[in-house]
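Chains as they are written, first to last, in our numbering: chain E, 7 to 143; chain B, 21 to 405. Built from N, CA and C at the ideal position, the CB exists for glycine as well.
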């Protein structure tokens, strides 16, 4: 399916900056933002910036992806735990499948996901890579 | 008036190059109508997931009604991803229960071999959120693979245990004339098959299939008058769960199945231990196991061990996936839930042939759309005559 430009544009902020919502009543964080809280039913929410560091909860290696990802296989898709009851689905990058472990620390980076076509929209989003550790001083 | 299943029709599942979506649907429908002998249906519910993408054809309710010579009837298509069949059955059941119609035809069909694997993979992902799940490039098997990994880690399940449900399905499919794979596979073959999305192996995943299945629902009075074997529908219930998989609190339990199962058992005044046979949605072995756990025939995480130990064979209680399950009978998406109901009906009316389960009286079908997102539980009881 040809990617609609306004469709990509209206999701871009959430996808590229990890903007979600936090319920004003029960503090439940959802990503992308919700209009009504699935836990307590409140309709009051504030914008919430998701943490950019988390752990791999589970993952898989995609060997045959949707048509839009044709030619990119194999690649790693993971569920990343960013905090209590706060998860995201994302690709892992800068790591090969055999080096991925559940529980490994990862950090968010902005990356390209795909190009719709030569003259179509280019879709960016957050991927996670193994957390870079600063050298001890 | 308690609805009953008075007749069923199935086409052989497989790569049916010579048949189209509608010809398969018509053949299953006519077979169901002929076997029920309760006259013409008063309404049609059609189950299908992907015809808009795979055949560029929608509006299937009216199309099928016309093709079976019933233009004019109320005819509606129902969609709930891979759970479409159970959902359409629920709609048909509800309408007979309400007394709106005496006799309805519920038919499900999917024709997947018209498209490439890549196109079908893409179409299957419409079962999940396109913007935040498909967007990252996951396939449907990929989502299930992430759950498989968590399930195995949480409950300490071994690889042979995860493979056992596939071996069981193939064993039972040998005697099912409608099955896509009428042959056994060994545990070694499953464990040596390549990954389709780690850690799910090729022989732990249901195939792409073409097929159609139909059931005729009617009232007990009508079935009695027709002198046909029938099965009472004790309940048909539907449950749903958080839509985006990553938002589920517990990824290793299908709460949608549990909800539907609890309600269905309450309707039927039965418990999971009353089930003589169970048809579960083993699109991937992990999904079949999660369905068994949530249905309550096993403790959480225990169904793989029980399957490996031979507890669910044709002489077991319950006997599971007695005609092959999705893995070996095949998984023509929109038809699957109706194949399951038809298979339970065959068992409960003593028409299951070589795979007949001795004294099978109560049976359940668990059909699932998405990764446990929409689940239906149907409980039937055979009426001996």
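CB contact flag (residue i, residue j, <8 Å)
i                      : j                      : result
residue 126 of chain B : residue 358 of chain B : yes
residue 228 of chain B : residue 307 of chain B : no
residue 246 of chain B : residue 58 of chain B  : yes
residue 408 of chain B : residue 42 of chain B  : With chain B covering 21 to 405 only, the question about residue 408 of chain B has no answer from this structure.
residue 266 of chain B : residue 30 of chain B  : no
residue 482 of chain B : residue 192 of chain B : Lying before the first or after the last residue shown, residue 482 of chain B is absent from chain B, which here runs from 21 to 405.
residue 66 of chain B  : residue 253 of chain B : no
residue 194 of chain B : residue 203 of chain B : yes
residue 189 of chain B : residue 347 of chain B : yes
residue 200 of chain B : residue 34 of chain B  : yes
residue 161 of chain B : residue 225 of chain B : yes
residue 340 of chain B : residue 25 of chain B  : no
residue 390 of chain B : residue 148 of chain B : yes
residue 144 of chain E : residue 112 of chain E : In the structure displayed, chain E extends from 7 to 143; residue 144 of chain E sits before or after that span and is not available.
residue 284 of chain B : residue 257 of chain B : yes
residue 261 of chain B : residue 392 of chain B : yes
residue 53 of chain E  : residue 33 of chain E  : no
Residue i in three-state terms, based on DSSP
i                      : result
residue 63 of chain E  : strand
residue 402 of chain B : strand
residue 395 of chain B : strand
residue 75 of chain E  : helix
residue 67 of chain B  : strand
residue 205 of chain B : coil
residue 303 of chain B : coil
residue 156 of chain B : helix
residue 390 of chain B : coil
residue 277 of chain B : helix
residue 376 of chain B : coil
residue 43 of chain E  : coil
residue 165 of chain B : helix
residue 285 of chain B : helix
residue 245 of chain B : helix
residue 3 of chain B   : Because chain B spans 21 through 405 in this model, residue 3 of chain B falls outside it and cannot be assessed.
residue 35 of chain B  : coil
residue 57 of chain B  : coil
residue 90 of chain E  : coil
residue 52 of chain E  : strand
residue 8 of chain E   : coil
residue 367 of chain B : helix
residue 225 of chain B : strand
residue 213 of chain B : coil
residue 252 of chain B : strand
residue 354 of chain B : helix
residue 127 of chain E : coil
Contacts around residue i, its chain only, beta-carbon distance under 7 Å, and the 5 residues preceding and following it disregarded
i                      : result
residue 326 of chain B : 318, 332
residue 116 of chain E : 22, 130, 132
residue 109 of chain E : 61, 62
residue 159 of chain B : 141, 145, 217
residue 78 of chain E  : 71
residue 175 of chain B : 321
residue 213 of chain B : 221, 222, 223
residue 152 of chain B : 264
residue 66 of chain E  : 83
residue 37 of chain B  : 133
residue 75 of chain B  : 41, 131, 134
Proximal residues of chain A, C-beta to C-beta of residue i below 8 Å
i                      : result
residue 134 of chain B : No chain A is part of this structure, whose protein chains are labelled E and B.
Residues bridged to residue i [DSSP beta-bridge criterion]
i                      : result
residue 136 of chain E : E/112
residue 23 of chain B  : B/239
residue 260 of chain B : B/394
residue 295 of chain B : None, per the DSSP bridge assignment.
residue 8 of chain B   : Past the boundaries of the shown model lies residue 8 of chain B; chain B is included only from 21 to 405, so the question cannot be answered.
residue 29 of chain B  : B/234
residue 81 of chain E  : E/68
residue 25 of chain E  : E/55
residue 97 of chain E  : E/83
Residues of its chain near residue i, where Cβ-Cβ distance is below 8 Å and the 5 sequence neighbours each way are ignored
i                      : result
residue 364 of chain B : 251, 297, 299, 383, 384, 385, 398, 400
residue 31 of chain E  : 43, 46, 48, 50
residue 18 of chain E  : 130
residue 90 of chain B  : 60, 61, 64
Same chain, Cβ closer than 6 Å to residue i, neighbours up to 5 away in sequence not counted
i                      : result
residue 117 of chain B : 23
residue 320 of chain B : 313
residue 311 of chain B : 277, 300, 301, 386
residue 395 of chain B : 259, 276, 277, 280, 388
residue 77 of chain B  : 71
residue 89 of chain E  : 57
residue 20 of chain E  : 38
Let me know the alpha helix (DSSP H) ranges lying completely inside the stretch 314 to 343 of chain B, each 4 residues or longer, listed in chain order.
-> The DSSP assignment places complete alpha helix (DSSP H) segments of no fewer than 4 residues inside the stretch 314 to 343 of chain B at 323 to 328, in order along the chain.
Segments of 3+ residues assigned as beta strand (DSSP E) that fall wholly inside the stretch 74 to 153 of chain B | Runs of the beta strand (DSSP E) inside the stretch 74 to 153 of chain B: 95 to 98, 124 to 131.
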